[in-house]
Amino acid sequence: MSWQNALVKEMLKPENLIISSELAVVIADKFPKAVHHYLVLPLADIPSIFQLNRSHLPLLEELHLLARNVVEVKGVRWEDFQVGFHAEPSMLRLHLHVISKDFVSPSLKNKKHWNSFNTDLFVPYNSKNSLLI
DNA sequence: GTTCTAGAAC
DNA sequence: GTTCTAGAAC
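Read in the working numbering, the first sequence has 112 at position 126, and its numbers run on one by one without any break.
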């Protein structure tokens, strides 16, 4: 198992779960790029955005619901967050980023980190249709 | 994805 | 001298 599978391993550990549903889980990003940075991952074995099609729309809505729920659980403002996918994901298992817009974190170390959330490398949830075949 | 580091660029 | 970049990691 390579580092690319680390997310799948982590999402299966109960101690990492913040909230979950029958279809997906929410964990904290191990290297948060902002004060708040969470990942929503489906239990279904969907490797990445490149496997998505229209049949996954209900699941994507479920992921977004969990994104809203984790922000509520943390007691912070939804307006202070951006939610979306990376256009060039590195880690396997589809994951929706839920990140606060401050981008203040010791783990935000280089230009690539910042660009991945603040350029076209970040695909907002509301632009998800562009990912669907 | 991160860490480490040699060589380039400043 | 310090920062930036790109590539390897068995």
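Here a beta-carbon is modelled for each residue, glycine too, at the ideal position from N, C-alpha and C.
| query | result |
| --- | --- |
| Would you tell me roughly how many angstroms separate the C-alpha atoms of Pro57 and His22, rounded to the nearest one? | Rather than Pro, the amino acid found at residue 57 in this sequence is Val. If you take the alpha carbons of Val57 and His22, they lie about 9 angstroms apart. |
| As an exercise, report each continuous beta strand (DSSP E) stretch of at least 3 residues that is fully enclosed by the stretch 12 to 62, in chain order. | 23 to 28 |
| Look at the Cβ atom of Gly121, then the Cβ atom of Tyr24, and state whether they are nearer than 8 angstroms. | The chain is shown from -13 up to 119; residue 121 falls before or after that span and cannot be answered. |
| Looking only at its own chain, which residues have a Cβ that is under 7 angstroms from the Cβ of Asn55, when we skip the five neighbours before and after it? | Ile5 |
| Helix, strand or coil: how does DSSP classify His81 here? | coil |
| Give the range of the beta strand (DSSP E) segment to which Leu117 is assigned. | Neither: Leu117 is in no beta strand (DSSP E) and is coded neither H nor E. |
| By DSSP, does Pro0 sit in helix, in strand, or in coil? | helix |
| Check for me: the beta strand (DSSP E) holding Phe71 runs from which residue to which? | 67 to 72 |
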